[in-house]
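The structure appears right after this line, and notes come after that.
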Amino acid sequence: MRIPRRPDAGLDSLESAPMELVTQADKEKLQRLLQDFHALDRVLTERIAEARGHGDLRENGDYHAAREEKSMNNLRIRELVIRLETLQVINVDEMPSDMVFLGARVRVRDEESGKVETYKIVGSRADDPPTEYREVTSTSPIGEGLMKLRVGETVRVNLPRGERRLTVVEILV
């Protein structure tokens, strides 16, 4: 499944930003992350002000390090704001229960190895993924390949280490 481009995308970075499908929980996680980046920005601003008081700015390593870190943090904030502005929240309760969609956990069998794995299709990956299943984003090769499949259907997925054929064994809600 290809993610459509926003038809109403504005200029600048929004124009090229793909629309990302996420669950409400994914969106809330991204909003908390943005709050964390804003809090860090305030800390870095204070650190820069403190470092300014240490003398000549040309030879002030603390000042330059804090400015560099603030610059990187501001970049992360801008990227996250664009991501939040372009994402689309889907209601997982409205998705068919017999088809793989965002938010579904799905057991698949690798046709070559016979190994059965459980994946959860997510809009964005968790920082601390659970151990009972692997999270794959809906835009990853595996996630994209599994979207809209039903039990018994097989898909060929091209991965960096070669092609895999995966068959949907069970869709868990």
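The sequence shown begins at 1 in the working numbering and counts up by one.
C-beta: ideal position from N, C-alpha, C; glycine also.
Between A66 and L40, the C-beta spacing is not below 8 Å.
Between the alpha carbons of N158 and R150 lies a gap of roughly 20 Å.
Cβ contact annotation for R52 (same chain, cutoff 7 Å, sequence separation greater than five): Y63, in chain order. Taking the CA atoms as reference points, V100 sits about 32 Å from I77. Between V122 and D36, the CB-CB gap reaches or exceeds 8 Å.
The bridge partners DSSP lists for N91 come to none. For D56, the secondary structure class from DSSP, reduced to helix, strand or coil, is coil. For D110, the beta-bridge partners assigned by DSSP are L166.
For the pair R107 and Q24, the Cα-to-Cα distance works out to about 23 Å. Taking L33 as the centre and dropping the five residues before and after it, the same chain places the C-beta of L80 closer than 8 Å to its C-beta, in chain order.
Burial check for M72: the Cβ neighbour count within 10 Å stays below 16, so the residue is exposed. R109 is a Cβ neighbour of V169, given a cutoff of 8 Å.
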